[in-house]
Structures are given as C-alpha cells and as structure tokens.
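Protein chains: 2
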Amino acid sequence: MEKREERNVAETTARRRQLADAAIATLAREGMRGLTHRAVDRTAGLPEGTCSYYFRTRQALLRATVERLVEVDTADLAERPAALGRSSDPAEVAEAVAEVVRHWATSEGERTKARYELMLEAGRRPELRAALDKAREHYHRLAETTLAAAGAADPAAQAQVLIACMDGLMFRHLTGADPLSGPPERLGDALTDLLRGFAGRRG
Amino acid sequence: MEKREERNVAETTARRRQLADAAIATLAREGMRGLTHRAVDRTAGLPEGTCSYYFRTRQALLRATVERLVEVDTADLAERPAALGRSSDPAEVAEAVAEVVRHWATSEGERTKARYELMLEAGRRPELRAALDKAREHYHRLAETTLAAAGAADPAAQAQVLIACMDGLMFRHLTGADPLSGPPERLGDALTDLLRGFAGRRG
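Protein chains in written order, with UniProt numbering: chain A, 1 to 203; chain B, 1 to 203.
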C-alpha cells in the first residue's frame, strides 16, 4: 500500500515537471498570449485536459513554470565555467561571462525567452515574484563573488550593472538585434574592458 | 471639397495616433495577452468597434503601435542630455546615461514596458522588425558617437555592450529587481568605471 502511494507521488511529480517543461517551450514559441492549458497539452503530447487536471488555474500553471525554470537555470549555471567566482584575471572572467551569455542566448534560447516572458508577467502578478527573486539573489551573489575575485572596487553595485549587461545582451540577441554576431573576441574584449574598468578605481 | 478631405486625413491620423497610444498603455498594463481591439477602445475611452475600424487586423494594430512607440522614443531621446555624443568626460557621460535609464524606467516606464513586450513579439513576427530595427540603428549610432567622444577603444563593439547594459537595467527595474534603488551615485559610479574601462585599452 505504501509502495503504491510512493509511486503515485513520484508519477505526479514527474508529470507536473513534464507539463512545466512544455509550458516553457510553449511560452518561448508563442508568448504569454499563446500559453493556455490546451497548448501545453499539445506541446507535451498529452491528452487534452491533462494540464488542467494537474494545474487547475492559470496561476497554478504559471507558478509551477517559474519554479521549474528557476530550478533548471540554477542547475545549469552550477555547471558553468569554473572562472566564475574564482579567477582574478579580467580576460578569463570576461570569457566565462561571454560563454554564459552565448550559451543562454543560443542553445538555451527557448528557456531564456520564456524567462523574459515570465519576468514581464511577474511585474503584473506579484505572486510569481518569490521564485524569481530567489534566483535573482543567487545570480547576484555569484556576480558579486566573481567581481570581488577579479578585483572590483564596488562588487555589490557593479554586480547590478554586470547582470543587467548580460540580461540585455541575451534579450537583444533573442529579439533580433544580435550583439553576439561578429568575431567572438570582440564581445570578450568589450567585457574585459568593462571588468578592468570596474577594478580600475581600486588601483 | 479639398479642404474637407484634408480635414478628414488629419482626423484619421489623429485618431490612429490616439489608438496607438492607448495600445501602448494597454500593453504596459496587461501584456500581450491583454492587448485586444476592445481593450484598446476601453483604454482610449472610445466606442467599441473604433479600434477595429481603424486597424482591421491584429497585425495592423501591432505595426501601428510599434511605429508610434519608435516615433515617441526617438523624439524623447532627442531632448535628452547634451552630454550624449558631445562630452569626453566619463563621469559626465555616465551621469547622462544613468539619467536616460532612470527616465525611461520610471516616468516613461509604461512605454518602456510596452517596448519590451513588442520586442519579444517581434521575435515571433518578423514583419514588426523594420520599425524596431530603424530605432535600434539610431540608438546604436548615438551610443557609438557618445563612446567615441569619451575616448572608447572600440566604439562599435562597446556600444553593443553599453546599450545592452541600459536595456538590462531598465528591464530589471521594471520587473522588480530594482538595480536603480540605493544612492543614485552608485549607479553613476559603476557606469563611470565601465566607461573608463572602455577607454582604458587606448591609453
């Protein structure tokens, strides 16, 4: 009897995760306007009504989607270049930053697009903020540690600017402005200059 | 007869502009999902059916909204600090950049939010890109001129990073991360460091 219950819980968790992943893909492709319970069923290849069964309301679906997104983002970032937070060489840190930007804007472009959709939605639905804020604090700490290791003069304030810069580069790439085109070292060089500037005030 | 025709053209132009402004306000408040012809009529305080009469399709409404947004943005930017493109002092340029970011993220926050909604939509509807691309080229030229005047080593590539940084700061402020909180000089100082870094490679 207990075994069966455990199996049911595991199945429910897996199904909810599958639906949240399908919601992320739907959001990336069709935007907030295209995100419906039926569209998520179609994306997941599940019978109509499945998404409504697991997430009764739009709010429940959105919240699960944000939570799943944050979970995947955080796991992905944990595997990113060791230089983040550990190197004191601006060029090495800049290369690591550029790599995260490129990875999230290209291979993980769908998830990143969904994140911007959800961030705009969170501006209208404060109940979505908690999960996003937790992720933001995590990114901020990582950026601050990275900048401090690279000799930054004011890591806390400069981390805000560095994260904004990364977000802006990804957003612009995903919406057609393409700041990542051109030889890759040009972005790396511009970011190195930025990091040298952040360290400059100290010396 | 001709006088009357002229008056009709002027009235049509004014009404279309009024509807596009209402669409911008609707987008900022309710997102892409809330943008319907009826919602625009309500925002504009016009009888139901007006928006459909002037813009038969959703695409026509979206295109007019993007064009109006670009028109207002460009006019607004033309009135911004004289330091943009004319000063060689990093601290002065940083202050001007911070002022644009603050202005667009607060007093003009509605329009800026609508712009990000439209940029994401343009990723899905290439027919919206033309107007946005024209605006982007304009911003890029302005950023490049500004950086060149401030002694930047590679104004073209660095302009991409500067604009991304401004976009990211506004986006994050509008979606609740608030990088503009805290004493205003901290953002100014971080941007000054960035500009000094951009100039540093030269010297």
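A virtual CB, placed ideally from N, CA and C, is assigned to each residue, including glycine.
Tell me which residue opens and which closes the alpha helix (DSSP H) that residue i is part of.
i	result
Pro90(B)	90 to 105
Arg196(A)	184 to 200
Arg80(B)	Where Arg80(B) is concerned, there is no enclosing alpha helix (DSSP H), given that its DSSP letter is neither H nor E.
Arg17(B)	2 to 34
Leu46(B)	Taken as a continuous stretch (DSSP letters only), Leu46(B) belongs to no alpha helix (DSSP H), as it is neither H nor E.
Gly168(A)	155 to 174
Leu147(B)	129 to 149
Using the beta-carbon count (16 or more within 10 Å), is residue i buried or exposed?
i	result
Tyr116(A)	buried
Pro126(A)	exposed
Ala78(A)	exposed
Gly49(B)	exposed
Tyr53(B)	exposed
Arg172(A)	buried
Asp154(B)	buried
Gly168(B)	buried
residue 204(A)	No statement about residue 204(A) is possible, as the shown extent of chain A runs from 1 to 203 and does not include it.
Ala10(B)	exposed
Pro179(B)	buried
Thr12(A)	exposed
Cys112(A)	Looking at the sequence provided, one finds Thr at residue 112(A) rather than Cys. It is buried - the Cβ of Thr112(A) has at least 16 other Cβ atoms within 10 Å.
Thr57(B)	exposed
Gln160(A)	buried
Ala150(A)	buried
Pro90(A)	buried
Thr106(A)	exposed
Glu121(A)	buried
Arg38(A)	exposed
Arg136(B)	buried
Glu95(A)	buried
Gly182(B)	exposed
Ala14(B)	exposed
Gln59(A)	exposed
Glu2(A)	exposed
Just checking my contact of residue i with residue j at CB under 8 Å: how many whole Å lie between their CB atoms?
i	j	result
His140(A)	Thr74(A)	Going by Cβ atoms, the distance from His140(A) to Thr74(A) rounds to 13 Å, so no, they are not a contact pair.
Val97(A)	Met166(A)	7 Å
Asp193(B)	Gly200(A)	6 Å
Leu61(A)	Phe55(A)	4 Å
Can you tell me whether DSSP reads residue i as helix, strand or coil?
i	result
Glu108(A)	coil
Pro179(B)	coil
Gly203(A)	Reliability fails at Gly203(A), whose pLDDT of 42 lies under 50, so the model's placement of it is uncertain and the value that follows must be treated cautiously. Residue state, collapsed to three classes: coil.
Asp73(B)	helix
residue 209(A)	Since the first and last residues shown for chain A are 1 and 203, residue 209(A) lies out of range.
Ala122(B)	helix
Thr57(B)	coil
Ala152(A)	coil
Lys113(B)	helix
Is there at least one non-hydrogen atom of the ligand SAM closer than 6 Å to the beta-carbon of residue i?
i	result
Ala14(B)	Only the bare structure without any ligand can be found here, which leaves the ligand SAM out of the picture.
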